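Heads up: take any position in the sequence shown, counting from 1, add 383, and you land on my numbering. The next block holds one structure in the form of structure tokens; read it before the comments.
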Amino acid sequence: MKILIIEDETELSDVIRESLEMEHFLVESAEDYRSALDKIISFHYDCILLDIMLPGGSGLDLLQELKDLDKSDNVIIISAKDSLDDKLKGLNLGADDYLTKPFHIAELTARVKSVLRRKSFEGKNFIELSNLKLDAGERTLQIDNQPIPLNRKEFDILMYMIVNKSRLVNKTALAEHVWGDHMDEADDYEFIYSQIKNLRKKLKENNAGVEIQAVYGIGYKLVQL
């Protein structure tokens, strides 16, 4: 799961990042309106933590931009402004939650997980497909009730494929989602191919009821067998 922190207070942003990374989220950040706009236009995020008061513009304008782009990124507003008008504007523009500063990092992390469960896992901690059970909180996979060890990237890829099970997943979108900004440092997609290869092998060896199929030149699709 990929999180974007849009926050100009560097110290707070670093604390939030550290906390979320301990929960195995992939975390990116932006400190002003322009850099945040560039990121939300270019990438998809599972959850955006959005401050309203930013250098160069308003977080509410970024919410409007997400709405205009018809993007489905979950948004939690984190703001020092505790006004009813701002809350209503944010929620009406599509924000999923509103948290007023100062707040406990543990509460923010819990709200992030709650938003992700509501959107991707229908309020549950896990998702089931065929004979697979993926636990988002514990980051574990079971096939026919037997635990299957996955590394961090394999788990992220499988969860992304399951959440998007009815879609053809473009390899660029997959790379951006699982590796974030670091994908720009790669010369090719070999780092994806190796993780996909290992994951497909584990699924096949354990008689999974799903298969990740390659669509030549485009990406991958998860199909039930």
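A virtual CB, placed ideally from N, CA and C, is assigned to each residue, including glycine. Predicted model, so just to flag it, every value in this text is computed and none were measured.
Go ahead and label residue i buried or exposed: buried means 16 or more other beta carbons lie within 10 angstroms of its beta carbon, across all protein chains shown.
i    : result
V606 : exposed
K587 : exposed
R535 : exposed
E559 : buried
K496 : buried
S466 : exposed
Enumerate in chain order the residues of its own chain whose CB-to-CB distance from residue i is below 7 Å, with the five nearest sequence positions on each side excluded.
i    : result
T523 : P530
V410 : I386, I388, R400, L403, E404
I575 : K554, L557, A558
F426 : E559
Q578 : K536, E537, I540
Among residues of its own chain, excluding the 5 on either side of residue i, which ones have a beta-carbon nearer than 8 Å to its beta-carbon?
i    : result
I423 : L387, I431, L445, E448, L449, L452, K454, D456
I601 : L551, N553, K554
L474 : Y481
Provide the residue span of the beta strand (DSSP E) that contains residue i, from first to last.
i    : result
K548 : No beta strand (DSSP E) holds K548; DSSP gives it neither H nor E.
Quick one: give me the first and last residue of the alpha helix (DSSP H) that residue i is part of.
i    : result
E394 : 393-405
L420 : 416-425
DSSP puts residue i in a beta bridge; with which residues?
i    : result
E411 : L387
A597 : Y603
M542 : DSSP lists no partner for M542.
I440 : Here residue 440 turns out to be Gly, not Ile, going by the sequence shown. Looking at the DSSP assignment, G440 forms a beta bridge with L437.
L533 : DSSP output for L533 lists no bridge partner at all.
CB-CB under 6 Å to residue i, same chain, minus the five flanking residues each way: which ones, in chain order?
i    : result
E414 : D391
inquiry  = Restricting to runs no shorter than 3 residues, where is the beta strand (DSSP E) found entirely within the region 450-529?
reply    = 457-462, 480-483, 509-512, 515-518, 523-526
* Length-filtered (4 minimum) alpha helix (DSSP H) runs lying within the region 551-595 -> 554-562, 573-588
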